[in-house]
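Numbering of the sequence shown is given in full-length UniProt numbering, commencing with residue 1 and proceeding in unit increments. Here a beta-carbon is modelled for each residue, glycine too, at the ideal position from N, C-alpha and C. Remember, it's a predicted structure, so these values are computed and weren't measured experimentally. Each remark here refers to the structure printed beneath this line.
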Amino acid sequence: MHNKLIIASFACLLSLAAWSQSGTGSVVSAETNFYNQPLDISNKIEIYPNPAVEYVIVEISNSTLTNTEFEMHSIIGNEIKISPEEIGNGRFRVPVKDFATGYYFLVVKDEVLRFKKAYRFLKN
Numbered sequence: 001m002h003n004k005l006i007i008a009s010f011a012c013l014l015s016l017a018a019w020s021q022s023g024t025g026s027v028v029s030a031e032t033n034f035y036n037q038p039l040d041i042s043n044k045i046e047i048y049p050n051p052a053v054e055y056v057i058v059e060i061s062n063s064t065l066t067n068t069e070f071e072m073h074s075i076i077g078n079e080i081k082i083s084p085e086e087i088g089n090g091r092f093r094v095p096v097k098d099f100a101t102g103y104y105f106l107v108v109k110d111e112v113l114r115f116k117k118a119y120r121f122l123k124n
């Protein structure tokens, strides 16, 4: 009972702090961070299907990337030559049919913008 009272008090205190910081009585939304700045939601990248059998689709939306490149690595770090195919609307198809079963990393990068992010997927 004592722990529940402490948790409830802490939650009320946080609510009051958010209310007083906003100045208008509104609560900080999920679209803003602690300093009331919009969250960066650019370069949303999705890779599917996972697990993959014949290919993976890379879908890039809300993108600031100008020179998108891809790298493929095995789970132990060996680089694998790939030939992604652009299929339109920020979507790319990467064939994985001839890969052995296991985990792989697909790296999406843009050297100009210094963007680089790896995504893990399973090849069945």
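field: Bounding residues of the beta strand (DSSP E) (the contiguous stretch that carries S61)
entry: Y55 to S61
query: Is the stretch 80-90 touching the stretch 108-116, taking contact as three or more C-beta pairs under 8 Å?
result: no
message: Using CA atoms only, rank isn't needed, just tell me which of K117, R114, F99 and K44 is closest to V56.
response: Nearest Cα to V56 within the set K117, R114, F99 and K44: F99.
query: Counting pairs of Cβ atoms below 8 Å between the stretch 42-50 and the stretch 73-81, do you hit three or more?
result: No, the stretch 42-50 does not touch the stretch 73-81.
message: If you measure between the beta carbons of F70 and V94, is that distance less than 8 Å?
response: yes
task: Would you mind stating whether K123 and T101 have Cβ atoms separated by less than 8 Å?
output: Yes; because the gap between Cβ atoms is below 8 Å, this pair is in contact.
message: Give me the residue from G88, R120 and L65 with the minimum Cα distance to Q114.
response: In the sequence under discussion, the amino acid at residue 114 is Arg, which differs from the Gln named in the question. Taking only the C-alpha atoms, the option nearest R114 is L65.
- prompt: Which residue's Cα is closest to the Cα of N67: R120, G90, S74 and V53?
  reply: Ranking the options by Cα distance to N67, first place goes to G90.
- request: Look up P113 in the DSSP assignment and say whether it is helix, strand or coil.
  value: Contrary to the premise, residue 113 reads as Leu rather than Pro in this sequence. In this structure, L113 counts as coil in the three-state DSSP scheme.
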